[in-house]
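Asks:
Numbering (the working numbering), first residue to last: 12 to 299.
(1) Could you check if residue 211 is buried or exposed, using at least 16 other CB atoms within 10 Å of its CB as the buried criterion?
(2) Would residue 219 pass as a contact of residue 192 if the rule is Cβ separation under 8 Å?
(3) If you scan the region 218 to 263 from start to end, which runs of the alpha helix (DSSP H) of 4 or more residues do you find wholly inside it?
(4) Tell me the DSSP secondary structure of residue 172 in three-state form.
(5) Please report the Cβ distance between residue 127 and residue 150, rounded to the nearest whole angstrom; I am assuming they are in contact, meaning their Cβ atoms lie under 8 Å.
(6) Locate the alpha helix (DSSP H) running through residue 147, then write down its first and last residues.
(7) Measuring alpha carbon to alpha carbon, tell me which of 140, 159, 247, 87 ends up nearest residue 117.
(8) Going by DSSP in three states, residue 216 sits in which element: helix, strand or coil?
(9) Evaluate residue 199 with the Cβ neighbour count: other Cβ atoms within 10 Å of its Cβ, from every protein chain shown; 16 or more gives buried, anything less gives exposed.
(10) In terms of alpha-carbon separation, which member of 205, 270, 123, 75 lies closest to residue 237?
(11) I think residue 224 touches residue 247, with their Cβ atoms under 8 Å apart; what is that distance to the nearest whole Å?
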């Protein structure tokens with residue numbers, strides 16, 4: 012379950028840009044030698060126009076470093092990406108996107124406290140960035156076990172974007188860690204309201220129902236997840252456990268066999284399968 016929360020952090024950046032040259036002393040010099048377009052006004056108008064051109068040049072240079080960082084991030088060069096984002100922010104400290112991507116990059120480098128600080132900076136610049144709130148909560152939950160604080164971050168994301176299914180799912184997972192199964196279940200139901208084909212939420216919902224001893228409902232949720240993703244081996248395993256709890260040992264055994272079809276080295280599936288065979292009195296089969 013832990014790895015689900017970072018699903019989007021590791022996705023490739025969907026939109027790539029063409030390579031842009033990084034400013035050098037030579038081309039900066041050339042740029043500065045190009046006269047700005049001036050109005051026919053007096054000295055004040057000329058100064059305003061020059062300031063406007065200077066701002067545009069700063070914005071352009073910061074954007075070039077930012078785009079370079081995105082390319083490096085996509086290629087897995089996280090150290091290079093971080094250096095590019097830092098350069099962009101040195102030029103333009105309020106470049107929100109650079110703070111946001113910098114947070115993702117720091118996470119991938121395992122520099123978690125710095126990642127949170129970078130997301131905090133992004134939110135200082137743009138408080139309504141629901142994805143930054145979501146990723147901030149994900150780190151707090153998954154890496155620092157600060158569950159209550161994580162839930163507050165997810166709630167902020169959902170206040171901004173009420174149909175953001177990822178935050179509903181992460182919120183449910185975090186509530187599960189706190190043992191608040193009914194509240195977790197309500198969060199998973201919200202996920203499925205907005206994204207009915209989200210197999211991970213069906214699985215997590217089944218897990219919560221199982222911990223509430225509502226095993227038949229749990230199995231129904233697992234079946235929905237498997238209808239969407241038939242090779243979801245962890246779901247087959249949890250389905251087997253729920254069937255085990257109902258005393259349906261033959262069906263549980265079939266579920267464990269499905270686990271091993273997709274994940275032959277999952278030792279806990281072999282273990283549970285052995286117990287099911289033992290309870291069925293089929294000791295001779297317990298050597299597969």
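Glycine included, C-beta positions come from ideal geometry on N, C-alpha and C.
On a predicted model such as this, the values are computed, not experimentally measured, just so you know.
Replies: The answer reads as follows:
(1) As a position in the chain shown, residue 211 is number 200, starting the count at 1. Buried, by the Cβ-count rule.
(2) As a position in the chain shown, residue 219 is number 208, starting the count at 1. As a position in the chain shown, residue 192 is number 181, starting the count at 1. Cβ distance < 8 Å, so residue 219 and residue 192 count as in contact.
(3) 226 to 239, 244 to 256
(4) Indexing the chain shown from 1 puts residue 172 at position 161. Residue 172: coil per DSSP, three-state reduction.
(5) The count along the chain shown starts at 1 and reaches residue 127 at position 116. The count along the chain shown starts at 1 and reaches residue 150 at position 139. At roughly 6 Å, the Cβ-Cβ gap stays under 8 Å, so residue 127 and residue 150 are in contact.
(6) Locating residue 147 in the chain shown gives position 136, where the first residue counts as 1. Element bounds for residue 147: 141 to 153.
(7) By one-based count along the chain shown, residue 117 stands at place 106. For residue 117, the nearest C-alpha among the options comes from 87.
(8) Start at 1 with the first residue of the chain shown, and residue 216 comes out as number 205. Of the three classes helix, strand and coil, the one that applies to residue 216 here is helix, per DSSP.
(9) Stepping through the chain shown from its first residue, residue 199 is reached at position 188. Buried, since its Cβ has 16 or more Cβ neighbours within 10 Å.
(10) Position 226 of the chain shown, counted from the first residue, corresponds to residue 237. Comparing Cα-Cα distances from residue 237 to each of 205, 270, 123, 75, the minimum goes to 270.
(11) For the purposes of this step, residue 224 is taken as the residue at position 213 of the chain shown. For the purposes of this step, residue 247 is taken as the residue at position 236 of the chain shown. The Cβ separation is near 21 Å, so there is no contact.
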